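See below for the structure under consideration.
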Amino acid sequence: MSKKGTYYEYKVMEIFEKYGYASLRTLGSGGGTKKSKPDVVVGNGRNIFGMEVKKREDDVCYIQKSQVEELKDFCYTFGASPLIVVKFGNMPFYAFDVDSDSIVETEKSYKIHVDDVGRGWELNKFIVYAT
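Written out as structure tokens, the structure reads:
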């Protein structure tokens with residue numbers, strides 16, 4: 001992952017930590033193993049979330065179907081809820097539940113458009129609601 005991507009993963013961790021969550025960043029999405037891992041895992045004793053974190057300067061974020069399926073497989077085995085967390089430009093982070101209709105399925109991927117952020121939750125509000 002690029003230095004920039006890592007930076008945003010740590011920013012997401014900091015946001016969750018402000019609300020009392022413990023967090024960890026997994027190294028190299030599946031690095032050294034056949035099993036893929038989420039970018040970030042957080043928990044507070046009641047809720048556990050596994051997340052792919054994306055930062056986009058343009059208006060669309062595409063996530064490969066295989067990446068979403070691997071995230072779901074890991075999270076269900078781990079006992080976590082899978083989320084896609086996206087930051088578009090200077091907007092805040094938004095959380096999207098991969099099991100809802102908040103992300104749009106295309107032939108080869110899932111798509112989140114900047115105009116669709118209302119289908120997700122602004123991350124701080126999501127954490128307050130989930131806690």
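Residues 1 to 131 (UniProt numbering) make up the sequence shown, in order.
Quick reminder that beta carbons are idealized off the backbone N, C-alpha and C, glycines included.
Since the model is a prediction, treat every value here as computed from it, not as a measurement.
On the CB-based measure, 16 or more other CB atoms within 10 Å of its CB, does residue i come out buried or exposed?
i	result
Lys-4	exposed
Tyr-8	buried
Tyr-110	buried
Asp-39	buried
Leu-71	buried
Leu-24	exposed
Val-53	buried
In terms of alpha-carbon separation, which member of the options lies closest to residue i?
i	options	result
Val-128	Ser-102, Lys-11, Phe-78 and Phe-16	Phe-16
Phe-49	Val-41, Lys-55 and Asp-101	Val-41
Asp-101	Lys-55, Thr-6, Glu-14 and Arg-119	Arg-119
Thr-106	Leu-27, Met-51 and Val-68	Val-68
Met-91	Lys-55, Phe-74 and Ser-81	Lys-55
Lys-37	Ala-80, Lys-11, Gly-45 and Asp-97	Ala-80
Asn-44	Lys-18, Thr-26, Leu-27 and Glu-57	Lys-18
Can you list, in chain order, the residues of its chain with a C-beta nearer than 7 Å to that of residue i? Leave out the 5 residues immediately preceding and following it.
i	result
Ala-130	Asn-47
Residues in the same chain with beta-carbon distance under 6 Å from residue i, minus the five sequence neighbours each way, listed in chain order, please.
i	result
Val-117	Tyr-94
Trp-121	Ala-95
Pro-82	Gly-50, Leu-71, Lys-72, Cys-75 and Val-98
In chain order, what residues of the same chain lie with their CB nearer than 8 Å to the CB of residue i, ignoring the 5 residues before and after it?
i	result
Asp-59	Phe-88, His-113, Val-114 and Asp-115
Phe-78	Val-41, Ile-48 and Gly-50
Q | Whole runs of the alpha helix (DSSP H) within the stretch 26–100, excluding any shorter than 4 residues | A | 65–78
Q. Taking contact to mean at least 3 C-beta pairs separated by less than 8 Å, is the stretch 83–96 in contact with the stretch 53–64?
A. yes
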